[in-house]
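Protein chains in written order, with my numbering: chain A, 1 to 55; chain B, 1001 to 1225; chain C, 2001 to 2247.
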């Protein structure tokens, strides 16, 4: 374990902005994409003859 | 041998005739090239050392944009009046006919650009040797632009907003030609010799001559289905 | 041999691929989450501080996997495109267009994280380095592919035009990379060395590989979910969709 405290972890030795900016962007992109896909799937299912999901 | 290339010559002659009847299009593209290249010093400032440095890049980018203008009309009119379908169905090899159209496009849009390039180069205060190298690089490079552009024109044929789309598809693929072409002048100024740039540009041109008309016909057949 | 071939062609039909993809999605999603959790733990908690770059190097755990995946996805798209053009299978085109948005996302993330890494290490957000520039062009190629497919209404034509573009692109990517590198050495403007620390600690490598695997599983899960959407959208009126929907 590299860290003694949470604040040390978030600071990343002074590189906090860059490290968390990178990880945050990835997290954002990789949650946004599944969410958009889920919405797309819901929209298609609404157009199906019955509203039941198909397997 | 002569007979085999007859369709190619016919296609070139036909498109040149058509271009001769619509002279404004040819002149517009050329004028566009001249004005884009002339706008750059106005945006950057009249510092001659700087202008001499950016001249190859400026002329090359102007040539890229001027080529794009004509590309949108490469297949569209023939597609609209059904000529293209007749070509695809005719017993003559479609690839040769398309190669002829691409050749005509270069003669109409590429060659004039090459011919006025030295004049514009003088405006940028390029020395004689650099002018010659730049013109030669454009002479070798502009056919590449027409050949790669034809693939994009075929892919976007009859598609919504095809003009903008064509630029988006084609401009990234122009990067190697731009780098080797514009780089030749700078390499010469840096005393590095220009053989490397010119042989790479030539290799690119050969590869495009072999593959681009063929890929274009494949794309056109998809569009005509 | 012949039976396995037949099986493959059976799965090449959207109607039979659809349920199979649906069964695979949870597995790949779970794998992505578990691998990401493990990779983040190794990368953020266990891996030692880098001697030269301090804690800033930890960006590597998302930057390198995103870059790898963006290149890998384009190659996979080209593979499906070649398959689609030569065998005229419908599923190949759907797979190609299902992969493109995820590839574009990774290309963008690679640029974004690369820029955030570059600022503290080289002092600039952007450097005209061969790798960065080629990655940017790869991003443009993805955008071009997506735009072309979006502009064509007929799905069959969109598939084939996209396939041709993907193949032209995959031939061009090495040429572009080579030309940009050539350009970069000629100008010598950006004389930064991109080489990573030569001796990478084992835990660093393990974290990077775990994250790469997580991104890979994520890509498969996303592509499968998206291909299911595409199949449904295109075959909304076909018999099997109606029959399944009625069940």
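The beta-carbon is built from N, C-alpha and C at its ideal position, and this holds for glycine as well.
Residues near residue i by beta carbon distance below 7 Å, same chain, minus five either side
{"i": "residue 1037 (chain B)", "result": "1058, 1059, 1062 and 1120"}
{"i": "residue 2024 (chain C)", "result": "2224"}
{"i": "residue 1205 (chain B)", "result": "1140, 1143 and 1144"}
{"i": "residue 1219 (chain B)", "result": "1151, 1154 and 1155"}
{"i": "residue 1217 (chain B)", "result": "1094, 1095 and 1098"}
{"i": "residue 2201 (chain C)", "result": "2047 and 2048"}
{"i": "residue 1200 (chain B)", "result": "1180"}
{"i": "residue 1190 (chain B)", "result": "none"}
{"i": "residue 2206 (chain C)", "result": "2042"}
{"i": "residue 2100 (chain C)", "result": "2077, 2142, 2145 and 2146"}
{"i": "residue 1092 (chain B)", "result": "1007"}
{"i": "residue 1208 (chain B)", "result": "1144, 1147 and 1148"}
{"i": "residue 2038 (chain C)", "result": "2210"}
Inter-residue CB distance, residue i and residue j (contact presumed, cutoff 8 Å)
{"i": "residue 2126 (chain C)", "j": "residue 1179 (chain B)", "result": "That belief does not hold up - the Cβ atoms of residue 2126 (chain C) and residue 1179 (chain B) are roughly 18 Å apart, past 8 Å."}
{"i": "residue 2105 (chain C)", "j": "residue 33 (chain A)", "result": "6 Å"}
{"i": "residue 18 (chain A)", "j": "residue 2116 (chain C)", "result": "5 Å"}
{"i": "residue 2151 (chain C)", "j": "residue 1161 (chain B)", "result": "6 Å"}
{"i": "residue 1078 (chain B)", "j": "residue 1084 (chain B)", "result": "4 Å"}
{"i": "residue 2054 (chain C)", "j": "residue 15 (chain A)", "result": "6 Å"}
{"i": "residue 1052 (chain B)", "j": "residue 1126 (chain B)", "result": "6 Å"}
{"i": "residue 36 (chain A)", "j": "residue 2222 (chain C)", "result": "Contact flag wrong, Cβ pair sits at about 10 Å."}
Same chain, Cβ closer than 8 Å to residue i, five either side skipped, listed in chain order
{"i": "residue 2014 (chain C)", "result": "2090, 2091, 2094, 2231, 2234 and 2235"}
{"i": "residue 2203 (chain C)", "result": "2042, 2046, 2047 and 2048"}
{"i": "residue 2138 (chain C)", "result": "2070, 2071, 2074, 2107 and 2173"}
{"i": "residue 1212 (chain B)", "result": "1102, 1147, 1148, 1150 and 1151"}
{"i": "residue 2135 (chain C)", "result": "2067, 2070, 2107, 2110, 2111 and 2114"}
{"i": "residue 1003 (chain B)", "result": "none"}
{"i": "residue 1135 (chain B)", "result": "1114, 1117, 1118 and 1121"}
{"i": "residue 1050 (chain B)", "result": "1044"}
{"i": "residue 39 (chain A)", "result": "none"}
{"i": "residue 1015 (chain B)", "result": "1100, 1101, 1104, 1105 and 1108"}
Close-in-space but distant-in-sequence residues of the same chain around residue i (CB under 6 Å, 5 per side omitted)
{"i": "residue 2012 (chain C)", "result": "2089 and 2091"}
{"i": "residue 1064 (chain B)", "result": "1174"}
{"i": "residue 2078 (chain C)", "result": "2166, 2167 and 2170"}
{"i": "residue 41 (chain A)", "result": "none"}
{"i": "residue 2133 (chain C)", "result": "2180"}
{"i": "residue 48 (chain A)", "result": "none"}
{"i": "residue 2163 (chain C)", "result": "2081, 2084 and 2085"}
{"i": "residue 2066 (chain C)", "result": "2106, 2109 and 2110"}
{"i": "residue 1137 (chain B)", "result": "1181 and 1184"}
{"i": "residue 2031 (chain C)", "result": "2217"}
{"i": "residue 1169 (chain B)", "result": "1152"}
{"i": "residue 1130 (chain B)", "result": "1185"}
Residue i and residue j closer than 7 Å at C-beta
{"i": "residue 2291 (chain C)", "j": "residue 2227 (chain C)", "result": "The structure shown does not extend to residue 2291 (chain C), since chain C is modelled only from 2001 through 2247, so no value can be given for it."}
{"i": "residue 2057 (chain C)", "j": "residue 2103 (chain C)", "result": "no"}
{"i": "residue 1184 (chain B)", "j": "residue 1148 (chain B)", "result": "no"}
{"i": "residue 1055 (chain B)", "j": "residue 1124 (chain B)", "result": "yes"}
{"i": "residue 1029 (chain B)", "j": "residue 1066 (chain B)", "result": "yes"}
{"i": "residue 1113 (chain B)", "j": "residue 1033 (chain B)", "result": "yes"}
{"i": "residue 2063 (chain C)", "j": "residue 2118 (chain C)", "result": "no"}
{"i": "residue 2217 (chain C)", "j": "residue 2061 (chain C)", "result": "no"}
{"i": "residue 1172 (chain B)", "j": "residue 2141 (chain C)", "result": "yes"}
{"i": "residue 1012 (chain B)", "j": "residue 1108 (chain B)", "result": "no"}
{"i": "residue 1072 (chain B)", "j": "residue 1163 (chain B)", "result": "yes"}
{"i": "residue 1222 (chain B)", "j": "residue 2131 (chain C)", "result": "no"}
{"i": "residue 1194 (chain B)", "j": "residue 1203 (chain B)", "result": "no"}
{"i": "residue 22 (chain A)", "j": "residue 2059 (chain C)", "result": "yes"}
{"i": "residue 2021 (chain C)", "j": "residue 2214 (chain C)", "result": "no"}
{"i": "residue 1075 (chain B)", "j": "residue 1166 (chain B)", "result": "no"}
{"i": "residue 1176 (chain B)", "j": "residue 2220 (chain C)", "result": "no"}
Next item on the list: Scan the region 1121 to 1139 of chain B for residues whose Cβ lies nearer than 7 Å to a Cβ of chain C and list them as they occur along the chain.
Entry: none
Check: Between the region 2121 to 2151 of chain C and chain B, which residues of the former have CB atoms less than 8 Å from a CB of the latter, in chain order?
Finding: 2137, 2140, 2141, 2143, 2144, 2147, 2148 and 2151
Check: What are the complete beta strand (DSSP E) segments, minimum 3 residues, inside the region 1021 to 1051 of chain B?
Finding: none
Notebook entry, point to check: Can you give, in chain order, each stretch of the alpha helix (DSSP H) that sits fully within the region 2063 to 2149 of chain C and has at least 4 residues?
Noted result: 2090 to 2122
Check: Using a beta-carbon distance cut-off of less than 9 Å, what residues from the region 2211 to 2234 of chain C approach chain A?
Finding: 2215, 2218, 2221, 2222, 2225, 2226, 2228, 2229, 2232 and 2233
Check: In chain order, which continuous runs of the beta strand (DSSP E) of length 3 or greater are located wholly inside the region 1167 to 1222 of chain B?
Finding: none
Next item on the list: Select from the region 2060 to 2081 of chain C all residues with a C-beta closer than 7 Å to any C-beta belonging to chain B, and list them in chain order.
Entry: none
Check: Closer than 7 Å, Cβ to any Cβ of chain C: which residues of the region 1165 to 1194 of chain B, in chain order?
Finding: 1165, 1168, 1169, 1172, 1173, 1175, 1176, 1179, 1180, 1183, 1186 and 1187
Margin query: For a minimum of 3 consecutive residues, which ranges assigned as the beta strand (DSSP E) are wholly contained in the region 1075 to 1160 of chain B?
Written below: none
Note to self: Counting only Cβ-Cβ distances shorter than 9 Å, please list the residues of the region 2166 to 2181 of chain C near chain B, keeping chain order.
What the structure shows: 2167, 2168, 2169, 2171, 2172, 2175, 2176, 2178, 2179 and 2180
Check: Looking at chain C, which residues of the region 1025 to 1038 of chain B have a Cβ within less than 9 Å of any of its Cβ atoms?
Finding: none
Next item on the list: Could you please tell me which residues of the region 19 to 37 of chain A, in chain order, have their CB closer than 8 Å to any CB of chain C?
Entry: 19, 21, 22, 23, 25, 26, 29, 30, 33, 34 and 37
Note to self: Along the region 1064 to 1081 of chain B, where does the CB come closer than 8 Å to a CB of chain C? Name the residues.
What the structure shows: none
Next item on the list: Could you please tell me which residues of the region 2088 to 2118 of chain C, in chain order, have their CB closer than 8 Å to any CB of chain A?
Entry: 2101, 2102, 2105, 2108, 2109, 2112, 2113, 2116 and 2117
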